[in-house]
Ligand code: PBG
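If you want it as structure tokens, here you go:
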């Protein structure tokens, strides 16, 4: 025996002191659970690629949210699956659209904090997050018209606020979306409604299961001309700064686990609350490995959420919300 350590970090790892020196924790109050309200069904439909999640009919939306609240999670984000779709996604901003009815059902019957996802891709027949350019089919670099989409996003946000939403969360990656929505909400008397912007949203392969869940896959092409290139980190700083200037109240990074460097950057560059979206693919892959007996479901889920908080997120949108909250 020759070398003797000068310091011994292991002293602080006994069961007695570990909790005292622990730097990060996950609490039910940090979590937001996604809810899918489906106008095309009278019964709950399980989402096969996201075990434990289902699409629920409008009249079950409040019951679904009460199940979530029983675990201690108080906030939900609502996605809609409409009966009909068209080229401009008009069901996304219809007063009696599926998401508006779902939001009313939930806010009328529960005390949950209700967030509306503001986007067009679940409502357009082409599956893109905005109004299409006329030659989009021939030239996929021309997918959506940016500025024409802005008015529609503002209409969606106002219609969700009218239905009772407590917060709106634009996810379309349209340039100027936060400013346009802020102006629309303020003009309609909703200056008290906050905006949580999907500020740095990447064009990610991890959204696969969600597109099955919400029936929002693009009918042709992909989203790389409006969502961010996974290769880019500096660009996220510009994207996030723009949304903050335009009035975003909460800044979100999406996905979460493969993008923890971005979560950390946003934390360091802004004093606004930082959200991270632990997306459908992050959920599905842990479930798939657990089903094979290769990973422990609860332990890996908890460690994932803890790591997202450690990277700098204040709040996490996650399909694990109920399961983890129940165990806390
Ligand atoms: C809508 C939207 C998507 C997700 C949230 N809002 C899909 C997409 O951009 O393709 C993905 C969420 C997830 O994968 O859990 N634009």
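In our numbering, the protein residues as written are 1 to 328. Beta carbons: idealized from backbone N, C-alpha and C, even for Gly.
Practice task
Could you say which of 305, 287, 160 lies nearest to residue 78 if we only look at CA atoms?
Solution key: Here residue 78 refers to the residue found at position 78 when the chain shown is read from its first residue. Of 305, 287, 160, the smallest CA-CA separation from residue 78 is found for 160.
Problem - For residue 298, three-class secondary structure by DSSP - result: To locate residue 298, count along the chain shown from 1; it is residue 298. Judged by DSSP in its simplified three-state form, residue 298 adopts helix.
Practice task
Quick one: measure Cβ to Cβ for residue 312 and residue 266, integer angstroms, because I've assumed they're closer than 8 angstroms.
Solution key: Looking up residue 312 in the chain shown gives position 312. Looking up residue 266 in the chain shown gives position 266. Indeed, because the Cβ distance is near 7 angstroms, the residues count as touching under 8 angstroms.
Practice task
Just tell me which of 75, 120, 87, 113 has its CA closest to the CA of residue 93.
Solution key: Here residue 93 corresponds to residue number 93 of the chain shown, with the count starting at 1. Relative to residue 93, the option among 75, 120, 87, 113 whose CA is nearest is 120.
Practice task
Answer yes or no: the CB of residue 210 versus the heavy atoms of the ligand PBG, is any distance below 7 angstroms?
Solution key: Locating residue 210 in the chain shown gives position 210, where the first residue counts as 1. Taking the Cβ of residue 210 as the reference point, at least one heavy atom of the ligand PBG falls within a distance shorter than 7 angstroms.
Exercise for the section: Check whether the Cβ of residue 36 sits closer than 7 angstroms to any heavy atom of the ligand PBG, and report yes or no. Expected result: Position 36 of the chain shown, counted from the start, is the residue given in the question as residue 36. No.
Practice task
Assign residue 286 to one of three DSSP states: helix, strand, or coil.
Solution key: Within the chain shown, residue 286 is the residue found at index 286, counting from 1. Look at residue 286 here: in three-state DSSP terms it is helix.
Exercise for the section: Could you tell me which uninterrupted beta strand (DSSP E) segments, each at least 3 residues in length, are contained entirely in the segment 32-119, listed from first to last along the chain? Expected result: Correct list: 54-56, 75-81, 113-118.
Exercise for the section: Output the distance between the C-alpha atoms of residue 215 and residue 122, rounded to the nearest integer angstrom. Expected result: The residue you call residue 215 lines up with position 215 of the chain shown. The residue you call residue 122 lines up with position 122 of the chain shown. Those two C-alpha atoms are separated by around 6 angstroms.
Practice task
Could you tell me if the beta carbon of residue 55 falls within a distance shorter than 7 angstroms of some heavy atom in the ligand PBG?
Solution key: Residue numbering aside, residue 55 sits at position 55 when the chain shown is read from its first letter. Residue 55 Cβ: outside cutoff for every heavy atom of the ligand PBG.
Practice task
Would you check if the distance between the CB atom of residue 172 and the CB atom of residue 149 is smaller than 8 angstroms?
Solution key: Along the chain shown, one-based indexing puts residue 172 at 172. Along the chain shown, one-based indexing puts residue 149 at 149. It is a contact, given that the beta carbons lie within the stated cut-off.
Handout entry: Euclidean distance between Cα positions of residue 237 and residue 260
Key = In the chain shown, counting from the first residue as 1, residue 237 sits at position 237. In the chain shown, counting from the first residue as 1, residue 260 sits at position 260. Rounded to the nearest angstrom, the two C-alpha atoms are 14 angstroms apart.
Exercise for the section: Give me the Cα-Cα distance between residue 12 and residue 244, rounded to the nearest whole angstrom. Expected result: As a first step, residue 12 is located in the chain shown; it is residue number 12 there, counting from the start. As a first step, residue 244 is located in the chain shown; it is residue number 244 there, counting from the start. Rounded to the nearest whole angstrom, the C-alpha separation of residue 12 and residue 244 is 40 angstroms.
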